[in-house]
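Q: Read top to bottom, the protein sequences are chains C and S. The numbers in the first sequence follow this note's numbering, run straight up by one, and end at 425. The numbers in the second sequence follow this note's numbering, run straight up by one, and end at 425. For every residue, glycine included, the Cβ atom is placed at its ideal position computed from N, Cα and C.
There are 2 protein chains.
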Amino acid sequence: MSAIKGNLVVGQSGGPTAVINNSLVGVIHEALAQEKIGGIYGLLHGIAGVLREEFVDLRAESPDALETLRNTPASALGTVRYKVADADYERLLEVLMAYNVRYFLYIGGNDSADTTHKMHLIAAQKGYELHAIGVPKTVDNDLAVTDHCPGYGSAARFVAAAVRNTGYDTIAMGDTGPLKVMEIMGRNAGWLTAAAALAKEAPDDPPQLIYVPEHGVSVEQVIEDVRYWHKKVGHCIIAASEGMKDDKGGDFAKPPLKSVGGKAAVDAFGHAAKGGVAEFLEDVLKETLGLRARLDKPGYLQRSFGELTSSVDREEAYRVGREAVRAAVSGESDKMVTLIRRPGPVYAVDTGLAPLEKIANNEHKMPTEFINEKGNGVTPAFIEYARPLIGGPLIPYARLACKMMPKRADSH
Amino acid sequence: MSAIKGNLVVGQSGGPTAVINNSLVGVIHEALAQEKIGGIYGLLHGIAGVLREEFVDLRAESPDALETLRNTPASALGTVRYKVADADYERLLEVLMAYNVRYFLYIGGNDSADTTHKMHLIAAQKGYELHAIGVPKTVDNDLAVTDHCPGYGSAARFVAAAVRNTGYDTIAMGDTGPLKVMEIMGRNAGWLTAAAALAKEAPDDPPQLIYVPEHGVSVEQVIEDVRYWHKKVGHCIIAASEGMKDDKGGDFAKPPLKSVGGKAAVDAFGHAAKGGVAEFLEDVLKETLGLRARLDKPGYLQRSFGELTSSVDREEAYRVGREAVRAAVSGESDKMVTLIRRPGPVYAVDTGLAPLEKIANNEHKMPTEFINEKGNGVTPAFIEYARPLIGGPLIPYARLACKMMPKRADSH
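1) Nearest CA to the CA of ARG132 of chain C: which residue from C:ALA111, C:LYS267, C:ASN154 and C:ASP101?
2) Is the shortest distance between the beta-carbon of LEU318 of chain C and the beta-carbons of chain S less than 8 Å?
3) Report all residues from its chain with a CB closer than 8 Å to the CB of LYS348 of chain S; omit the five preceding and five following residues, and keep chain order.
4) If you check the beta carbons only, do GLY404 of chain C and ARG94 of chain C fall under 8 Å apart?
5) What residues from the segment 301-316 of chain S come within 8 Å of chain C, judged by C-beta to C-beta, listed N to C?
6) Any idea which residues DSSP pairs CYS249 of chain S with across the strands?
7) What number of angstroms, rounded off, separates the C-alpha of GLY262 of chain C from the C-alpha of GLY229 of chain C?
8) For PRO409 of chain S, which residues of its own chain have a beta-carbon under 8 Å away from its beta-carbon, when the five flanking residues on both sides are left out?
9) Could you work out which residue in C:ILE396, C:GLY344 and C:ALA330 is closest to THR159 of chain C when comparing CA atoms only?
10) Leaving out five residues on either side along the sequence, give the residues of the same chain with a beta carbon under 7 Å from the beta carbon of ARG407 of chain C.
11) What are the residues of the segment 74-100 of chain C that lie near chain S, defined by any Cβ-Cβ distance shorter than 9 Å?
12) Relative to chain C, which residues along the segment 116-147 of chain S have a C-beta separation below 8 Å, given in chain order?
13) Going by the beta-carbon positions, is the gap between VAL40 of chain C and TYR54 of chain C smaller than 8 Å?
14) Output yes if chain C places a C-beta closer than 8 Å to the C-beta of GLU218 of chain S; else output no.
15) Report the three-state DSSP secondary structure of ILE408 of chain S (helix, strand or coil).
16) Does GLU43 of chain C have its Cβ less than 8 Å from a Cβ in chain S?
17) With H, G and I counted as helix, E and B as strand and the rest as coil, what does DSSP make of PHE117 of chain C?
18) For ASP127 of chain S, which three-state DSSP category applies?
19) Taking one C-beta from the segment 208-220 of chain C and one from the segment 101-120 of chain S each time, how about it: are there three or more such pairs within less than 8 Å?
20) Note down, one range per segment and in chain order, each beta strand (DSSP E) of at least 3 residues found wholly within the segment 324-379 of chain C.
21) Tell whether a beta-carbon distance below 8 Å holds between GLU255 of chain S and ARG200 of chain S.
22) How long is the line joining the alpha carbons of ARG240 of chain C and LEU118 of chain S, rounded to whole angstroms?
23) Is the shortest distance between the beta-carbon of THR151 of chain S and the beta-carbons of chain C less than 8 Å?
24) Would ILE60 of chain C and SER88 of chain C qualify as a contact pair, given that the criterion is a beta-carbon distance under 8 Å?
25) Please classify GLU67 of chain C as buried or exposed, where buried requires at least 16 neighbouring CB atoms within 10 angstroms.
26) Using 8 Å for Cβ pairs, my map puts GLU336 of chain S next to THR364 of chain S. What's the rounded Cβ distance?
27) Are the Cβ atoms of HIS130 of chain S and ALA16 of chain S separated by less than 8 Å?
28) Using alpha carbons as the reference points, say which of C:SER231, C:GLY24, C:THR179 and C:ILE50 lies closest to GLY62 of chain C.
29) Can you find the residues in the same chain that come closer than 7 Å, C-beta to C-beta, to MET379 of chain C, ignoring five residues on each side of it along the sequence?
30) Got a sec: is the Cβ-Cβ distance from GLY405 of chain S to anything in chain C below 8 Å?
31) Which residues in chain C sit within 7 Å of MET186 of chain S, going by Cβ to Cβ distance?
32) Got a sec? Which residues, its chain only, sit under 6 Å from THR196 of chain S by beta carbon, not counting five neighbours each side?
33) Have a look at PRO454 of chain C and LEU402 of chain C and give me their C-alpha separation to the nearest angstrom.
34) Under a CB-based cut-off of 8 Å, is LEU321 of chain S close to chain C?
35) Whose C-beta lies closer than 6 Å to the C-beta of ILE50 of chain C among residues of the same chain, with five residues either side of it excluded?
36) Please report the distance separating the alpha-carbon of LYS18 of chain S from that of THR85 of chain C.
This is the structure in structure tokens:
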């Protein structure tokens, strides 16, 4: 099957990542190489750019700017969190038809996959040839079918580095500040929090404890976990998912807690806005162990730190962008590009295509075999899965050998 | 004047930095080259290592480990926040005498300078020849006499990068999340918060607002400042010092606020523990402008991010370590090594020596000429001062030219 000549639109949606522009540049580079593609239009703020007819001419961008864009975090076209209403789709299609758009490339997560799927459906229903292809992107790593998601590897590298750095800082502080909590992005899926384990060089290294939403833990267990590590190594660094759960499946952080205007906050998709896990842990540990925990809440740095991306992630983000255009011009539609890991000891991926319906509004959480039995750490299988994604080891750090001098016989 | 043969101790004190180990390695390298120096002993956890007689043999460390240590953040010997009591000094001197220590090198801030000064005094009082030299270190950049402090340049580079990254993220989000607050270290001095200005490439770039403790602002002004920028550019990124003050000189963040166990927290030196500025700004902006602000609180990453240090800072931290040993063996005592900036357009520093008494318990705050009139940003003079310290520009980022396509004549 071969596709029709026409224009292409590309948009970016949902939370930005540090490498999402690689997917955009991949789309542009491949579109420039395809004879079937006329105009290459960027959508300002994703699907909102169609509704507002805010298209930019991506053929007018300089090759140098596109190269530099590959090092630039956050969606260069602007992103959007807008739940497209069913009533919007006819209008969206009408705009695309008016601009003779035949290729609809949408870089995003599961909400975006839903939008792309529905764009395909409305076009098919109206008998308009439109090739709608999803380009995977999310630091949450929670898309179905694909082995992993572009954006995750770079966020994972940042989290691993951040936890290692704050771990060194905590160890240096000794008795003065032995507890540290880093609150990590992930409302429902623990992939990014789990990546903190990549900071470890030895089993007792920080983070000593990792809590992910997929495995709830009781407050009592957390207290005992911290007590154990504090006693064993003199400190304890906790990587806590913002969506951490208790052992009954409820939120681990209990009210009264920080919320927006006193009301529980939800985003445009009705997802509950989480947070407050770090402060709740701080209070609990102060109250029960009498120890003050220090908090790091790196927030949006986790998904935007352009100075510390994964080379693997960067290349894969670019590649899925190119692949999406190739799929579209070869006649595909209603698909998302996936990454398929080759078996064997050397990390390599192929790309594939999966029906958008399998991705849309589906959350791929961490499987049981990646979380330890107690729910306070990850398994070697997870490390094996995640390590190649961060693009090589972190820079080497050293510890002193610390050969102790003998004490004086008469010392106090 | 020439100094006596004997052993050397070196300790690290106060908050770690990303380059403090360069000062340690500088001390070790120079001590290895000095014939007058016998044993080179590291103090575990600073002055506490003297009280506990926890000395490590630094001659036993491998040259390779020392090289790698130069890339490793946080005090490798462990640090301490212990206010030395007057009654401790006799005991401290007794230990140093027992180990024939003639060189006391202490890497730290103003509290450490006080300790070093008093070690000098007690030795002089007892007629024991001891060369006590301070090695400057603090991300707060608040030491008197010296042009700037090792540790600051790297923390400043991290803060500039962090604000730029979260700024790109915020701009990408558009109307969905136009406000961002990053809370930055600095209880009384705004040097590190001010470094956020180095993220700017153009006047309207993030951070649009910078609030430092040296210049209080009213809540009303902050609301108007944010309203102005949100209207002008559609978003607003705020770099807020954790020690931000109101226009009457009180804390900007008002209770009820997060505190430890409901009581105002203080550290071992009686300094008030601050914080809560980000959440207070979030509440104020939600209440008055109806806009939700996103928060980044990178916490201890600001002083420990080994992956993003300043090359200038790294070299200077090493150099002041070497200089301190040279000063000690040439007979100096009761001094701290300083950095003296040469006049002229090309950045260069010389080292000098200043009496510890001028440094001890003295806080060098930002001068008026570095803060703009309204107290919501910095001046070009500050930029000129700070830019060389971060060790070259941040990696280049790109924005799209965004040539808009003409709209259809009949578009909605």
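A: Judging by the given coordinates:
1) The question names Arg, but residue 132 of chain C in the sequence shown is Met. Nearest of C:ALA111, C:LYS267, C:ASN154 and C:ASP101 to MET132 of chain C, Cα basis: C:ASP101.
2) With the sequence shown as reference, residue 318 of chain C is identified as Phe, and Leu is not the correct amino acid for it. Yes, contact with chain S.
3) ILE146, GLY147, ALA340, LEU366, ALA367, PRO368 and LEU369
4) no
5) Cβ contacts with chain C: ARG305, ARG307, LEU308, ASP309, LYS310, PRO311, GLY312, TYR313, LEU314 and ARG316.
6) As a beta-bridge residue in DSSP terms, CYS249 of chain S pairs with S:LEU192.
7) 6 Å
8) none
9) With distances taken between Cα atoms, THR159 of chain C lies closest to C:ALA330.
10) The sequence shown places Leu at residue 407 of chain C, not Arg. ALA173, ALA174 and ARG177, listed in sequence order.
11) GLU74, SER75, ASP77, ALA78, LEU79, GLU80, THR81, LEU82, ARG83, ASN84, THR85, PRO86, ALA87, SER88, ALA89, LEU90, GLY91, THR92, VAL93, ARG94 and TYR95
12) none
13) Taking 8 Å as the cut-off, the beta carbon of VAL40 of chain C is found no closer than this to the beta carbon of TYR54 of chain C.
14) Reading the sequence as shown, one finds Asp at residue 218 of chain S and not Glu. It does not; no Cβ of chain C falls within 8 Å.
15) coil
16) no
17) strand
18) helix
19) no
20) 348-354 and 362-368
21) Contact flag set, yes.
22) 36 Å
23) no
24) no
25) With 16 or more Cβ atoms within 10 Å of its Cβ, GLU67 of chain C is classed as buried.
26) Yes, GLU336 of chain S and THR364 of chain S are in contact; Cβ-Cβ is about 5 Å, under 8 Å.
27) no
28) The candidate whose alpha carbon is nearest that of GLY62 of chain C is C:GLY24.
29) ALA202, GLY203, TRP204, ALA207, VAL225 and GLU227
30) Cβ-Cβ to chain C under 8 Å: no for GLY405 of chain S.
31) THR92
32) According to the sequence shown, residue 196 of chain S is Glu rather than Thr. Excluding residues within five positions, the ones whose Cβ falls inside 6 Å are ALA253, GLU255, VAL290, ALA291 and LYS310.
33) Since the first and last residues shown for chain C are 14 and 425, residue 454 of chain C lies out of range.
34) Output row for LEU321 of chain S: interface = yes.
35) For ILE50 of chain C, where only same-chain residues beyond five positions count, the Cβ hits under 6 Å are LEU21 and ALA44.
36) Roughly 56 Å between the two C-alpha positions.
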